[in-house]
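The numbering used here applies: residue 394 is where the sequence shown begins, and numbers increase by one. Written out below as structure tokens is the structure these notes cover.
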Amino acid sequence: MDTSIMRIIVVVFSVMSIFYAGCDSDNPSGLICAEGTRMENGQCVPDYEKVICGDGSHEENGECVPDYEKITCGEGSHEEDGECIPNYAPVICGPDTVLEDGACILEEPKITCGEGTVPRGETCVPLADQWVHLPFPESKAYIITQGYHGYFTHNLENNSPYAIDFSVDEGQEIAAAKDGVVFYVKEDSNEGCAEESCADDANVIGIDHGDGTMAVYVHLQQNGADVEYGDTVCAGQIIGRTGNTGYSTGPHLHFHIQDLYGQTMPVKFIELEDQSQGWPISGMTPISDNDEPRSCEDEKDFSSCLEDTFIFMGVRLLSDIPCVIAERDIDYVLSGVSLLGEGKVIVYLYSYSNGDWYNARCIDVDPSGHFDTTFQWPSSLHGSRSYLMIAVCDDDCNSFQGWEYSIPIYLLP
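Printed below as a string of structure tokens:
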């Protein structure tokens, strides 16, 4: 071989040797990777393994982090999905209540009531004394023959410790002492005597004031009612005439105001405010200023059970249910709170037809003590009257205590 050709081949191989000596087969481009990365297939990749992140997060330095910005939550709360939430379990509150610090509390009353009164729906109701007009037309005056806690009939035994008797001849007009709606009228009797056995012969007018109180006018003459069931009446309106029917020793008007349980309540008469601070006293002959009907609503609703009607039985109501007049075969929505916060609540209904109580519903309460259900008075079990009681109970649906009185209900067909 020619010497010159050999020199050329040696030079070429020498150059190629120098070239390949300066190259890395794993790094043909000659890249230099930063700290925390390594060369892989000619590229710089992280030293950690690749991670796959779920929705709402992304990879950052080998970890999945939330897409939202990190937040710092205060005491009693923790971060969840970018929000601060309380540490206590979620609570669902019932009607008319709001969640505050993990507990359900009653909303503030929609109305503001004065001293000595409390809100009942949209009405302010006296805590005890009931201020009304005398139950007679203006300028009429009749002697009070039996007042509160009277020995004869106005006592606990007769369930009338806060009743008033006025000595009035038969046929005299009586006037509504307060606005309301007529819930009961009996005027078919012409019988009366001085014995308790005649008590059911009394002719009666009952007027519901719509606030959980009712006025009752007793011993009217036969056909002596000028109003009928469902009529709205105004204070001062003539509603009937006096008589001598029922348990009576002579012509007179028995008048009282009662609560939803039928218990009489202390009554004060507006006409006696200056003389005796309103209290009716036996021997007085007060003069009525119950003049011509004042303006009142065209229609009034019958009273619903109040929030605290069954509070002594451990139940606070959150829904309106009837407490004077109800219909048979109608579902009524019942919701409330067990004050025990657990267990069950029972709805008792009394059937006059069967002469016994039966359980309309035995209801479980949720962890916050709330319950919701429906109940009805089926016509197959009930006639025209019933009684109602709602109570907390044990797991066998037996109430923890008995009771002496319950809510009287008049049932429509």
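Think of the CB as a built atom: it goes at the ideal place given N, C-alpha and C, for glycine as much as any other residue.
Buried or exposed by the 16-neighbour rule on C-beta atoms within 10 Å, applied to residue i
i: cysteine 786; result: buried
i: glycine 676; result: exposed
i: aspartate 417; result: Below a pLDDT of 50, predicted positions are generally treated as unreliable, and aspartate 417, at 49, falls in that range; the measurement from the model is reported next regardless. Burial call: exposed.
i: alanine 587; result: exposed
i: serine 590; result: exposed
i: histidine 451; result: exposed
i: serine 772; result: exposed
i: alanine 427; result: exposed
i: cysteine 716; result: buried
i: leucine 727; result: buried
i: valine 458; result: exposed
i: leucine 805; result: exposed
i: phenylalanine 705; result: exposed
i: glutamine 651; result: buried
i: phenylalanine 545; result: exposed
i: threonine 465; result: exposed
i: glycine 707; result: buried
i: serine 761; result: buried
i: tyrosine 640; result: buried
i: glycine 447; result: exposed
i: serine 553; result: buried
i: glycine 795; result: exposed
i: glycine 585; result: buried
Own chain residues within Cβ distance below 7 Å of residue i, not counting five before or after
i: threonine 470; result: According to the sequence as given, residue 470 is serine; it is not threonine. If we look at serine 470 and ignore the five residues flanking it on each side, its Cβ neighbours are Cys477, Ile478, Pro479 and Asn480.
i: valine 758; result: Ser731, Glu735, Gly736, Lys737, Val738 and Phe764
i: tyrosine 555; result: Tyr541, His649, Thr657, Met658, Pro659 and Val660
i: histidine 647; result: Ala556, Asp558, Val611 and His612
i: glutamine 630; result: Ala568, Ala569 and Pro686
i: glycine 449; result: Pro459 and Asp460
i: threonine 766; result: Leu727, Arg754 and Ile756
i: isoleucine 674; result: Ile537 and Gly540
i: threonine 642; result: Ala587
i: glycine 415; result: Caution is warranted here: a pLDDT of 42 is assigned to glycine 415, below 50, making its placement in the model unreliable, and the coordinate value is therefore given only provisionally. Result list for glycine 415: empty, nothing under 7 Å.
i: glycine 617; result: Glu580, Asn596, Gly633, Arg634 and Gly636
i: glutamate 531; result: Ser681, Asp682, Asn683 and Asp684
i: serine 697; result: Asp713, Ile714, Pro715 and Cys716
i: aspartate 691; result: Thr625
i: asparagine 548; result: His542 and Pro554
Close beta carbons around residue i, own chain, < 8 Å, minus the five adjacent residues each side
i: glutamine 769; result: Arg721, Asp722, Ile723, Asp724, Tyr725 and Ala753
i: asparagine 747; result: Leu774
i: glycine 573; result: Ile600, Asp601, His602, Gly603, Met607, Ala608, Thr625, Val626 and Lys693
i: threonine 430; result: Cys437, Val438, Pro439 and Asp440
i: proline 644; result: Ser560, Val561, Asp562, Glu563, His612, Thr635, Gly636 and Asn637
i: serine 799; result: Tyr654, Tyr741, Tyr743, Tyr780, Leu781 and Met782
i: glycine 671; result: Asp522, Trp524, Lys661, Phe662, Ile663 and Leu665
i: isoleucine 802; result: Pro715, Cys716, Val717, Ile718, Ala719, Trp770, Arg778, Ser779, Tyr780 and Leu781
i: alanine 628; result: Val525, His526, Ala568, Ala569, Ala570, Lys571, Asp572, Asn683, Pro686, Arg687 and Cys689
i: glutamate 468; result: none
Residues bridged to residue i (per DSSP)
i: tyrosine 334; result: There is simply no residue 334 to check, as the chain begins at 394 and stops at 806 in what is shown.
i: asparagine 752; result: Tyr741
i: threonine 430; result: Pro439
i: histidine 471; result: Ile478
i: glycine 599; result: Tyr577 and Val609
i: valine 785; result: Val738
i: glutamine 539; result: Asp558
i: serine 728; result: Asp765
i: valine 717; result: Partner(s): none; valine 717 has no beta bridge.
i: histidine 451; result: Val458
i: valine 525; result: Phe662
i: glycine 585; result: Gly639
i: tryptophan 770; result: Arg721
i: serine 792; result: Cys786
i: alanine 618; result: Gly633
i: aspartate 757; result: Lys737
i: alanine 534; result: Ile680
Contacting residues, own chain, Cβ-Cβ under 6 Å from residue i (five flanking each side not counted)
i: isoleucine 445; result: none
i: lysine 533; result: Ser681
i: isoleucine 536; result: Ser560 and Thr678
i: asparagine 583; result: Gln615
i: phenylalanine 793; result: none
i: valine 597; result: Lys579 and Val611
i: valine 575; result: Ile600, Val620, Tyr622 and Asp624
i: phenylalanine 703; result: Ile783
i: tryptophan 750; result: Tyr741 and Tyr743
i: glutamine 565; result: Thr635
Interface flag, residue i vs chain C, CB-CB below 7 Å
i: glycine 623; result: No chain C appears in the structure shown, which is made up of a single protein chain.
TODO: Could you tell me which uninterrupted beta strand (DSSP E) segments, each at least 3 residues in length, are contained entirely in the stretch 542-570, listed from first to last along the chain?
DONE: 556-560 and 566-568
Task: Minimum length 3: unbroken beta strand (DSSP E) runs contained in the stretch 623-684 - done: 631-635, 645-651 and 660-662
Open item on the list: Check whether the stretch 525-535 and the stretch 669-683 touch, using three or more Cβ-Cβ pairs below 8 Å as the test.
Closed with: yes
Open item on the list: Give the list of continuous beta strand (DSSP E) stretches no shorter than 3 residues that lie fully inside the stretch 687-715.
Closed with: 708-710
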